[in-house]
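Have a look at the structure below, then the notes.
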């Protein structure tokens, strides 16, 4: 009997090792892993470059307090700001910590300029921003908040795609609009470029902040370093995590100089955030992702993969309702609950994971090989054929 809490419905499978796009179970079976820790292992399992970087750092310093300068963190922060809209970076350990910190940054900014009542965050209903008490109420999901009352205040919501609902929800107390550039848990719903541009215009007009949550869709997952880059806008705050550590726990909040002005000494802290091991992992990931042609290779593989999936959707239109996504953040929306389909894929040695709206999430490593994509296509076709029969 396991001593682990039953807050996860774990599949009856365990793994002894991984390499690249593949996992090897304790029973000796080989699986194509298109979960990758839910978009975390951006460079696959046991990546030699990441192993080398972590081994090297582990022989130096594992952890020191943020009471001291951490050179590896200084370097990673500089590289992130040079590549993005941001002027400052604040390191955390996870995505939920990053979004929680982003909320604090937004509220603190208005407090610092003498507008303490401007402290409410406007979010998309049934979105996902993490599992802390504040983050679950930011989601506006009844399922996620059930049993965790009393309600954490400070959050308002609007319906996905409903701009009238959005505009009506903005009040004199609204500090920021927070949304995922691509809604992952909710069903791989891409916020259109024109919509992100409109959000930026609304925030400018109302003099409020735009927080774009790129925890799942950032760090190359979309085919750009950040998904919002497709819309040619600049947000005020961006929380990140998952892919930046390549499998090592690492999160961060990117922000402009303007909003950073409110975060003075003592306003936020983290015991482990920005530790040397995590910073070395982050720098190693950027070494690979920033290589010439890497992003273009993601875009090329994405076009091919999505095109092949749409061919399957066309053939099995009674099973697959829609192919969604951008880059290597891909979803197959089924007409019925996806549980059985995911199980069948696993029986055929392809690992995927669920999302909202009957969507199957497909999340290969960013350096996935074409032959591995072809293998997944073959398996999905086989399962569709079995389903039809």
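In my numbering, the protein residues as written are 630 to 1018. Heads up, the beta-carbon is just placed ideally off N, CA and C, and yes, glycines get one too.
Got a sec, what are the start and stop residues for the beta strand (DSSP E) residue i sits in?
i            : result
residue 808  : 803-809
residue 951  : 949-955
residue 786  : 784-787
residue 905  : No beta strand (DSSP E) contains residue 905, which is instead part of the alpha helix (DSSP H) from 905-918.
residue 1038 : Given a span of 630 to 1018 for the chain in the structure shown, any question on residue 1038 remains unanswerable.
residue 750  : 749-753
residue 659  : 659-662
residue 634  : Counting along the chain, residue 634 falls outside any beta strand (DSSP E), and DSSP gives it neither H nor E.
For a quick check, are the C-beta atoms of residue i and residue j less than 8 angstroms apart?
i            : j           : result
residue 733  : residue 739 : no
residue 992  : residue 963 : no
residue 909  : residue 686 : yes
residue 832  : residue 756 : no
residue 1061 : residue 876 : Missing from the structure shown is residue 1061; the chain here goes from 630 to 1018 and no further.
residue 888  : residue 735 : yes
residue 661  : residue 926 : no
residue 872  : residue 669 : yes
residue 1031 : residue 763 : The shown model of the chain, from 630 to 1018, leaves out residue 1031, and the question about it has no answer.
residue 974  : residue 938 : no
residue 716  : residue 886 : yes
Which residue wins for smallest C-alpha separation from residue i, given the options the options?
i            : options               : result
residue 987  : 1014, 975, 996, 951   : 951
residue 977  : 984, 969, 983         : 969
residue 684  : 907, 1000, 954        : 907
residue 703  : 690, 718, 694, 846    : 718
residue 829  : 745, 737, 792, 918    : 792
residue 678  : 1016, 1000, 911, 1003 : 911
residue 1023 : 971, 999, 955, 652    : This structure leaves residue 1023 out entirely; the chain is present only between 630 and 1018.
residue 799  : 839, 714, 715, 761    : 839
residue 883  : 705, 965, 700         : 705
residue 782  : 1013, 796, 802        : 802
residue 691  : 900, 640, 775         : 900
residue 965  : 947, 640, 956         : 947
residue 676  : 979, 855, 996, 776    : 996
residue 1013 : 998, 983, 967         : 967
residue 933  : 852, 715, 689         : 852
residue 945  : 886, 924, 874, 1009   : 1009
residue 905  : 671, 700, 648, 669    : 700
residue 659  : 979, 985, 999, 1016   : 979
residue 854  : 918, 779, 862         : 918
residue 605  : 836, 862, 850         : Here the chain comprises residues numbered 630 to 1018, so residue 605 is not present and cannot be evaluated.
residue 849  : 923, 778, 818         : 923
residue 713  : 731, 847, 682, 664    : 847
Taking the continuous alpha helix (DSSP H) assigned at residue i, which residues delimit it?
i           : result
residue 677 : 677-687
residue 674 : Taken as a continuous stretch (DSSP letters only), residue 674 belongs to no alpha helix (DSSP H), as it is neither H nor E.
residue 888 : 886-889
residue 941 : 923-944
residue 700 : 700-712
residue 822 : 822-835
residue 795 : 792-798
residue 762 : 762-768
Counting only the same chain and skipping the five closest in sequence on each side, list residues whose C-beta sits under 7 angstroms from that of residue i.
i           : result
residue 788 : 754, 794
residue 773 : 765
residue 741 : 890, 891
Closer than 8 angstroms by C-beta to residue i: which residues in its own chain qualify, once you throw out the five before and the five after it? Chain order, please.
i           : result
residue 857 : 810, 825, 841, 843, 864, 867
residue 769 : 752, 753, 754, 755, 756, 784, 786
Does DSSP put residue i in a helix, in a strand, or in coil?
i           : result
residue 720 : strand
residue 779 : coil
residue 654 : strand
residue 881 : strand
residue 648 : strand
residue 665 : helix
residue 812 : strand
residue 865 : coil
residue 988 : strand
residue 874 : helix
residue 995 : coil
residue 975 : helix
Among the residues of its own chain, which have a CB less than 6 angstroms from the CB of residue i, if the five just before and after it don't count?
i            : result
residue 1001 : 650
residue 915  : 708
residue 870  : 723, 724, 727, 844, 880
residue 1016 : 948
residue 1061 : Given a span of 630 to 1018 for the chain in the structure shown, any question on residue 1061 remains unanswerable.
residue 648  : 674, 675
Kindly examine the ligand NAD and report whether one of its heavy atoms sits closer than 7 angstroms to the Cβ of residue i.
i           : result
residue 859 : In the structure shown, the ligand NAD is absent, as is every other ligand, since no ligand is present at all.
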